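What follows is a set of notes on a single structure, which appears directly below.
Numbering (my numbering), first residue to last: -9 to 358.
Printed below as a string of structure tokens:
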């Protein structure tokens, strides 16, 4: 293997691959990236055996000789980052070493055989659809925060993707709050297909695919999800489980509606939260007339209270929430006005942007 490549051409894919490569590896080869060279096509692969990312590059000039090997990912990235901009890198394999030259610099890196590098099984996909990259990123950004972290109900440590004709739905919940979003896709298949993608796979999808003007092709098989563009091919194993019936969680009979300025509400909750119980983060919300009062206290007998003007004409209502959950929702909203739908002091709140009902948030109440 012997080829030349511009520093910038190599740096971008290596930065993406760094998020996939296993840091606390059980197999030494998992700390490496796999390089495969054929003519003017170079592919670089990183994996932790749960997720896999392949970057496809086209060299300006065909390689002197092809081949494949694995190189330590972090060391290669650190070397390329440290080199001056616009420098051309010469990379050549010599037995169990790779020699990297750039300008006056020379590096010798140990390699491991490519035969030791694992690859995720390539199963035939049952569902394939196309979505605008910006839509996919926005969907994950607006719902991903509600995923559980290290929950014993392992299926909650991921996101449900539900594919139906013309629509991709994302659902995330930790059992205390739920986020649900819909986006248009190009898919005319019949029925509904569900897949639970683990947290790491979701994080990498949002990091990789964010180009507003380009599409990404996604496919689902029994055990994997794959997202592919000309530059990258991302594959993740799925969580083998049945996701809870999220439809049952959505409040359907809320007859009390609050319209409020998002920024005012967010600042109010952030200030009141300072004196909330550090463990339970409870805040008491009281609605009456055209105002909302948020109050919190803690075991040190400290108290905070703030009043916000809102659009509300219903009867007086008092309800408790974990203030962190409310702030998380307001942080991902883009619209100026938030719509909160309530039933009573013991029922979940349904929150959404006043101008967009494609993303819904459910926050369970809290006894205070």
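We treat Cβ as the ideally placed atom computed from N, Cα and C, and that holds for glycine. Fair warning: this is a prediction, and the values are worked out from it, not measured in the lab.
Option nearest residue 196 by Cα separation, candidates 39, 5, 123 = In the chain shown, counting from the first residue as 1, residue 196 sits at position 206. Here the closest residue by C-alpha is 123.
message = Let's see if you can read the secondary structure: which residues bound the beta strand (DSSP E) around residue 287?
response = Residue numbering aside, residue 287 sits at position 297 when the chain shown is read from its first letter. Residue 287 -> beta strand (DSSP E) spans 281 to 287.
request  = Compute the Euclidean distance between the alpha carbons of residue -1 and residue 72, then round it to the nearest angstrom.
outcome  = Position 9 of the chain shown, counting from 1, holds the residue named residue -1. Position 82 of the chain shown, counting from 1, holds the residue named residue 72. Distance between the alpha carbons of residue -1 and residue 72 is about 14 Å.
key: Collapsed DSSP secondary structure at residue 267 in the structure displayed   = Start at 1 with the first residue of the chain shown, and residue 267 comes out as number 277. Here residue 267 sits in coil by DSSP.
request  = Write down the C-beta distance between residue 121 and residue 173 rounded to the nearest angstrom, noting that I regard them as a contact closer than 8 Å.
outcome  = On the chain shown, position 131 is the one that residue 121 refers to. On the chain shown, position 183 is the one that residue 173 refers to. Going by Cβ atoms, the distance from residue 121 to residue 173 rounds to 7 Å, so yes, they are a contact pair.
query = Name the DSSP bridge partner or partners of residue 341?
reply = Here the question's residue 341 lines up with position 351 in the chain shown. Paired residues: 330, 351.
request  = Report the three-state DSSP secondary structure of residue 229 (helix, strand or coil).
outcome  = Working through the chain shown from its first residue, we reach residue 229 at position 239. In the structure shown, residue 229 sits in coil (DSSP, three-state: anything other than H, G, I, E or B).
message = Quick check on residue 115: does DSSP put it in helix, strand or coil?
response = On the chain shown, position 125 is the one that residue 115 refers to. Three-state DSSP puts residue 115 in coil, outside helix and strand.
request  = Quick one: grab the DSSP three-state call for residue 204.
outcome  = Stepping through the chain shown from its first residue, residue 204 is reached at position 214. Here DSSP, grouped into helix, strand and coil, assigns residue 204 to coil.
Proximity of residue 353 and residue 328 at Cβ, strictly below 8 Å = Walking along the chain shown from the start, residue 353 turns up at place 363. Walking along the chain shown from the start, residue 328 turns up at place 338. No, the Cβ-Cβ distance between residue 353 and residue 328 is not below 8 Å.
message = I need the boundaries of the alpha helix (DSSP H) containing residue 241, first residue and last residue.
response = One-based indexing of the chain shown puts residue 241 at position 251. Careful: residue 241 lies outside any alpha helix (DSSP H) and carries neither H nor E.
query = Out of curiosity, what's the CA-to-CA distance linking residue 146 and residue 56?
reply = Reading the chain shown from its first residue, position 156 is the one you call residue 146. Reading the chain shown from its first residue, position 66 is the one you call residue 56. Cα-Cα distance, rounded: 44 Å.
query = For residue 70, which of helix, strand or coil comes out of DSSP?
reply = What you label residue 70 is simply residue 80 of the chain shown in a count that begins at 1. Residue state, collapsed to three classes: helix.
ask   = Quick one: what does DSSP say residue 317 is sitting in, helix, strand or coil?
value = As a first step, residue 317 must be located in the chain shown, where it is residue number 327. The answer is helix: DSSP assigns residue 317 an H, G or I state.
ask   = Just the Cα atoms here: how many angstroms apart are residue 34 and residue 46?
value = As a first step, residue 34 must be located in the chain shown, where it is residue number 44. As a first step, residue 46 must be located in the chain shown, where it is residue number 56. Each residue's alpha carbon lies about 7 Å from the other.
query = Just the Cα atoms here: how many angstroms apart are residue 343 and residue 133?
reply = The residue labelled residue 343 in the question sits at position 353 within the chain shown. The residue labelled residue 133 in the question sits at position 143 within the chain shown. Cα-Cα distance, rounded: 13 Å.
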